[in-house]
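Down below is the structure, laid out as structure tokens.
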Amino acid sequence: AMTLYYSFMNYSLMNPAPPSWAGLFNYQYFIGDPAFWEAIWNTLVLVLGVLAITVIGGIGIAMLIDKPIFGQGIVRILVISPFFVMPPVAALIWKNMIMHPSYGVFADIAKFFGFQPVDWFAQYPLFSIILIVAWQWLPFATLILLTALQSLDGEQMEAAEMDGAPALQRFIHLTLPHMARAITVVILIQTIFLLGVYAEILVTTNGGPGNASTNLTFLIYRAARLNFDVGGAAAGGIIAVILANFVAFFLMRAVGKNLD
8 AMTLYYSFMN YSLMNPAPPS WAGLFNYQYF IGDPAFWEAI WNTLVLVLGV LAITVIGGIG
68 IAMLIDKPIF GQGIVRILVI SPFFVMPPVA ALIWKNMIMH PSYGVFADIA KFFGFQPVDW
128 FAQYPLFSII LIVAWQWLPF ATLILLTALQ SLDGEQMEAA EMDGAPALQR FIHLTLPHMA
188 RAITVVILIQ TIFLLGVYAE ILVTTNGGPG NASTNLTFLI YRAARLNFDV GGAAAGGIIA
248 VILANFVAFF LMRAVGKNLD
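Quick note on numbering: the sequence shown equals residues 8 to 267 in our numbering.
Here is the structure:
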């Protein structure tokens with residue numbers, strides 16, 4: 008209620024005057040900002056990129072750890088461990104230990120093969136954020152998909168194998184349709200959370216260079232905490248809530264149809 012109220016007020020922390028009525032000015036200003044549409048695009052790319060990596064990677068890892076192997080319990084614990092790392096800590100690990108252009112793991116690998124190390128957060132900022140967030144959410148997708156995979160009827164797979172169906176055909180016509188509900192649930196839950204990615208951007212790129220890695224959530228933060236524009240940030244928050252509910256509505260309908 009307070010956010011909705013302030014979205015219609017001309018309220019800046021740098022202005023000692025009391026808040027005054029602004030009408031729809033904050034909404035017009037926020038939507039009219041060129042950074043807004045760039046943030047919308049970055050948010051879309053971030054969500055779709057993370058979903059693609061986690062769904063495809065989750066299916067692959069789930070199929071690998073579903074097989075009986077030595078130390079299966081330890082392997083599964085290691086696979087899900089990134090999900091328990093706090094986002095700022097994960098971002099610091101990737102920034103200083105993995106993607107650092109001087110002494111990161113990726114830099115050492117590049118030097119070993121004779122290539123020039125890449126400054127990931129300067130050259131590919133949004134892709135770097137996608138990798139970090141995908142690393143965190145990959146265990147969640149793997150667990151959900153592994154649960155679905157373990158409920159697959161083994162007799163159907165054996166019958167298809169005895170009939171001479173190759174592995175790819177068994178995957179496309181048996182495994183993948185059986186996992187469709189789980190994939191839909193993963194997409195629904197992750198999308199809702201991915202719309203609010205913030206800590207990874209703040210710790211690594213701070214939305215830059217320029218607006219290259221600024222999503223809608225970080226744009227709202229920047230308006231409130233860096234520009235001290237409470238009214239504009241409140242309007243951005245209301246817009247973000249409307250967009251998130253719009254996306255969730257259609258995803259819920261898709262889930263409902265899939266589960267029916």
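For each residue, glycine too, the CB sits at the ideal point set by N, CA and C.
Exercise. Leaving out five residues on either side along the sequence, give the residues of the same chain with a beta carbon under 6 Å from the beta carbon of P95.
Key: A206 and V210
Quiz item: Is Y18 buried or exposed, if buried means 16 or more other CB atoms sit within 10 Å of its CB?
Solution: Residue environment analysis places Y18 among the buried positions, since at least 16 neighbouring C-beta atoms fall within 10 angstroms of its C-beta.
Practice problem: Specify, as a first and last residue, the run of the alpha helix (DSSP H) that F91 falls within. | Solution: No alpha helix (DSSP H) contains F91, which DSSP labels as neither H nor E.
Practice problem: Measure from the alpha carbon of P108 to the alpha carbon of each residue in A129, F91, F90 and M93, then state which is nearest. | Solution: It is A129 whose Cα lies nearest to the Cα of P108.
Quiz item: Nearest CA to the CA of L138: which residue from I105, E165, Q176 and M186?
Solution: I105
Self-check item: From G243, T221 and L20, residue whose alpha carbon lies closest to that of T50
Solution: T221
Practice problem: Quick one: which unbroken alpha helix (DSSP H) runs of 4-plus residues sit fully inside the segment 133-161? Chain order, please. | Solution: none
Quiz item: What residue from I249, R229 and L150 has the CA that sits closest to A240's CA?
Solution: Ranking the options by Cα distance to A240, first place goes to R229.
Quiz item: Which class does N17 belong to by DSSP, given the choice of helix, strand or coil?
Solution: strand
Quiz prompt | Beta-ladder partner(s) of D73, from DSSP | solution = Answer is none; D73 lacks a bridge partner.
Quiz item: Hey, quick one: how far does the alpha helix (DSSP H) through R229 stretch, first residue to last?
Solution: Premise fails: R229 is in no alpha helix (DSSP H) and is neither H nor E.
Quiz item: Is it true that the CB of I208 sits closer than 8 Å to the CB of G217?
Solution: For G217 and I208, no; Cβs fall outside 8 Å.
Exercise. Take every Cβ of the segment 29-44, pair it with every Cβ of the segment 230-250, and state whether three or more of those distances are shorter than 8 Å.
Key: yes
Quiz item: Where do the ends of the alpha helix (DSSP H) carrying I196 lie?
Solution: It spans A187 to L201 - the alpha helix (DSSP H) in which I196 sits, taken as one unbroken run.
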